[in-house]
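Student: The structure that follows is given in the form of structure tokens.
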Amino acid sequence: MATVLLIDDEARVGAALRFALSPHGVDVVQETSAAAGIERARTSAPDCILLDVDLAGDDGLVACRALKADDRTARIPVIMLTGMVDATSTARGFEAGADDYVPKPFTPRELHARIQAHLRRAGAA
1 MATVLLIDDE
11 ARVGAALRFA
21 LSPHGVDVVQ
31 ETSAAAGIER
41 ARTSAPDCIL
51 LDVDLAGDDG
61 LVACRALKAD
71 DRTARIPVIM
81 LTGMVDATST
91 ARGFEAGADD
101 YVPKPFTPRE
111 LHARIQAHLR
121 RAGAA
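Here it is in structure tokens:
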């Protein structure tokens, strides 16, 4: 079973993703702040990270840069989840080190396919 760390300040997003992804063998664990998410990624080494760009009081882009700058987490695929879909925002996500950028709303099927693609590339699928 793959473990995905969701860093998103909305509990309902975590509940929805657990419901949608658990039948596909994906265990979703959630942290609601960038700092807690970064620490959990460092200590638990999830297979993939889903990171909201707009966290309450935090910046997901800053968190992404921190994850990619740390040897313990640099190789973990980071998929940014966001409602910001303009070209500038997308470019900023990739410039911060994101491996993928998924606009909200997204379908669980597409997100699962993207997660699986990144896990295959990382050798975790």
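As numbered in our numbering, the sequence shown has no gaps in its residue numbers, which increase by one up to the final residue, 125.
Think of the CB as a built atom: it goes at the ideal place given N, C-alpha and C, for glycine as much as any other residue.
Less than 7 Å separating the beta-carbons of S89 and D58?
Tutor: no
Student: To the nearest angstrom, how far is the alpha carbon of E95 from that of R65?
Tutor: 9 Å
Student: If you reduce the DSSP assignment to three classes, tell me which class A98 lands in.
Tutor: coil
Student: Three-state secondary structure (DSSP) at P108?
Tutor: helix
Student: Grab me the residues of G93's own chain with a C-beta within less than 6 Å of its C-beta, minus the 5 sequence neighbours each way, in chain order.
Tutor: M80, Y101
Student: Using the three-state DSSP reduction, which class does E39 fall into: helix, strand or coil?
Tutor: Helix at E39.
Student: Buried or exposed: which applies to V85, given that a residue is buried once 16 or more other Cβ atoms fall within 10 Å of its Cβ?
Tutor: exposed
Student: With contact counted as at least three CB pairs below 8 Å, one residue from each stretch, are the stretch 34-45 and the stretch 17-26 in contact?
Tutor: Contact between the stretch 34-45 and the stretch 17-26 is absent: fewer than 3 CB-CB pairs across the two stretches fall below 8 Å.
Student: Within 10 Å of its beta-carbon, does T82 have 16 or more other beta-carbons around it, so buried, or fewer, so exposed?
Tutor: buried
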